[in-house]
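*Asks:* Handing you a structure now.
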Amino acid sequence: MPESRNNRALDALADGARGVAVEDGLSEATTEQRNAASQDIDRKTTLEIVTIINSEDQKVAPAIQKILPEIAALVDDIVVAFKKGGRLIYIGAGTSGRLGVLDASECPPTYGVDPSMVQGLIAGGHDALTRSIESAEDRAEAGVAELKGIGFTAADVLVGITASGSAPYVLGALEYAAGIGAITAAISCNAASKTFAIAKHRLYADVGPEVVTGSTRMKSGTAQKLILNTLSTASMIRIGKVYKNLMVDLRPVNQKLVQRSLRLIREVTGCSADAAARAFAAANKAPKTAIVMVLCGVDCAAAERLLAAAGGHIGGVKQFNTISQELL
């Protein structure tokens with residue numbers, strides 16, 4: 342009898358949970374489905390477990406390949422915003438929020454941009470970066486407050502990141518951003534993501550159910566990171582932060598990056614180590630400026646004017662070397 346009562350109690354709890362799930366739509370979400378490939382993973386050997394995980398991970402890149410046109414369209418809007426002084430803002434909760442903060446935090450050292458140009462907002466604030474604050478994602482007003490706190494305007498671009506697409510923190514922020522006329526985008530791994538009803542750009546990464554049901558830090562998180570890397574990298578390339586495949590606008594904030602800067606100058610220009618060092622110092626440790634100084638045989642101020650005239654692209658300066666004297 343006790344066992345029977347316990348079973349009835351468990352059934353009642355399950356019924357209640359199913360009711361909640363049906364109401365919020367999560368029961369049908371791809372991110373909440375069970376993965377047939379890992380049904381008995383707890384009975385597998387260690388090698389079998391990691392093999393299953395690796396096999397599932399291999400589905401991520403092909404899923405992103407299917408949405409490359411959508412990603413490219415968002416990049417184009419981000420570039421337009423950047424050229425008009427706008428910013429790229431990521432917002433998310435949990436793993437999604439941490440990935441947004443990670444991508445944003447790496448833009449200044451890699452591309453020499455101001456930290457305000459690409460920002461990541463996470464439900465629960467900085468504390469949520471190192472510990473779970475799951476309840477923070479339930480407050481739609483908190484997402485709106487975060488945007489208002491950074492002075493978000495219609496000139497900026499907001500990218501909401503949520504695997505299931507149901508986090509109120511993200512939904513509230515997207516609704517606010519769309520309401521003031523800003524470009525909005527959503528990254529989700531659920532075809533029925535609520536974010537897709539709001540955002541202009543809908544990036545649906547169909548990676549399938551997770552190896553551990555609902556653990557969206559796995560394939561979903563990997564997909565989100567790849568998409569974010571692609572968005573920021575492609576946007577920076579488009580505004581001249583890369584020459585060929587070299588990060589010529591990096592900030593040499595440590596000895597490793599100083600040495601990398603000197604190698605960049607020599608590799609692009611073919612000059613000697615001494616010439617690279619002199620140009621680097623004269624350019625106030627700005628590798629891109631130093632490269633143009635050497636390429637065009639001009640001083641720092643003239644190199645900066647040439648770059649400005651070429652929209653920040655070294656390639657543009659090289660193309661117009663024949664008329665460079667008119668720009669000096």
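Here the working numbering = 1-based position in the sequence shown + 341. Positions of the beta carbon are idealized from the N, C-alpha and C atoms, including for glycine.
Cα separation between N395 and S379?
*Replies:* Cα to Cα, the separation comes out at about 12 Å.
*Asks:* May I ask which residues mark the beginning and end of the alpha helix (DSSP H) holding A622?
*Replies:* Here the alpha helix (DSSP H) through A622 covers A614 to A623.
*Asks:* Just the Cα atoms here: how many angstroms apart are N595 and A370?
*Replies:* Rounded to whole angstroms, N595 to A370 spans 45 Å at the Cα level.
*Asks:* Kindly list the residues whose CB is nearer than 8 Å to the CB of Q460, restricted to its own chain and excluding five residues on each side of it in sequence; keep chain order.
*Replies:* Excluding positions up to five away in sequence, the list reads R428, L429, I430, Y431, A445 and I491.
*Asks:* Considering Cα atoms alone, identify which of D479, E397, E487 and I524 is closest to D418.
*Replies:* It is I524.
*Asks:* Compute the beta-carbon to beta-carbon distance between L591 and P450, rounded to the nearest angstrom, for a pair I have assumed lies under 8 Å.
*Replies:* Yes, L591 and P450 are in contact; Cβ-Cβ is about 7 Å, under 8 Å.
*Asks:* What span of residues does the alpha helix (DSSP H) with K481 cover, start to end?
*Replies:* Note that residue 481 is Ala in the sequence shown, not Lys. Note, A481: alpha helix (DSSP H), A481 to G490.
*Asks:* Which residues mark the beginning and the end of the beta strand (DSSP E) in which G653 is found?
*Replies:* Taken as a continuous stretch (DSSP letters only), G653 belongs to no beta strand (DSSP E), as it is neither H nor E.
*Asks:* So R472 is in the beta strand (DSSP E); what residue range does that whole segment cover?
*Replies:* Note, R472: premise wrong, no beta strand (DSSP E); not H, not E.
*Asks:* Do A483 and G513 come within 9 Å of each other at the CB atom, strictly closer than that value?
*Replies:* Taking 9 Å as the Cβ cut-off, G513 and A483 qualify as a contacting pair.
*Asks:* Just to confirm my understanding: we take L488, look at its own chain, exclude 5 residues before and 5 after, and list those with CB closer than 8 Å. What are they?
*Replies:* Excluding positions up to five away in sequence, the list reads I430, I432, L462, L499, A514, Y517 and A518.
*Asks:* What distance in whole Å lies between the Cβ atoms of I405 and A546, which are believed to be in contact at a cut-off of 8 Å?
*Replies:* A546 to I405, Cβ: 6 Å. Contact.
*Asks:* Considering only residues of the same chain and omitting the five flanking positions on each side of A414, which have a CB-CB separation below 8 Å?
*Replies:* For A414, where only same-chain residues beyond five positions count, the Cβ hits under 8 Å are H542.
*Asks:* Please list, in chain order, all residues of the same chain as A434 whose beta carbon is under 6 Å from its beta carbon, the five residues on each side excluded.
*Replies:* Contacts found: A464, E478, A508 and Y510.
*Asks:* Taking the straight line between their C-alpha atoms, what separation do you get for G520 and G549?
*Replies:* In a straight line, the C-alpha of G520 is about 32 Å away from that of G549.
*Asks:* Per the DSSP calculation, A526 is bridged to which residue(s)?
*Replies:* The partner list for A526 (beta bridge, DSSP) reads V500 and H542.
*Asks:* Quick one, are the C-beta atoms of I393 and K400 less than 9 Å apart?
*Replies:* Cβ distance not < 9 Å, so I393 and K400 don't count as in contact.
*Asks:* Rounded to a whole number of angstroms, what is the C-alpha to C-alpha distance between E597 and I539?
*Replies:* Sequence check: residue 597 is Lys here, not Glu. Taking the straight line from one Cα to the other gives about 44 Å.
*Asks:* Can you list, in chain order, the residues of its chain with a C-beta nearer than 7 Å to that of S457? Leave out the 5 residues immediately preceding and following it.
*Replies:* Excluding sequence neighbours, S457 sits near R428.
*Asks:* To the nearest angstrom, how far is it from the Cα of I412 to the Cα of C530?
*Replies:* Going by the C-alpha atoms only, they are around 14 Å apart.
*Asks:* Taking Cβ positions, are I580 and V420 nearer each other than 9 Å?
*Replies:* Yes, the Cβ-Cβ distance between I580 and V420 is below 9 Å.
*Asks:* Look at the Cβ atom of K560, then the Cβ atom of D398, and state whether they are nearer than 9 Å.
*Replies:* Yes. Within cutoff.
*Asks:* Taking just the CA atoms, how far does K535 sit from A325?
*Replies:* Examination of residue 325 is not possible in this model, given that the chain is present from 342 through 669 alone.
*Asks:* Does the beta-carbon of D497 have 16 or more other beta-carbons within 10 angstroms, so that it is buried, or is it exposed?
*Replies:* The residue is buried, with at least 16 neighbouring Cβ atoms inside 10 Å.
*Asks:* Select from V658, G501, A616 and A469 the residue whose C-alpha is nearest the C-alpha of A481.
*Replies:* The residue with the shortest Cα to Cα distance from A481 is G501.
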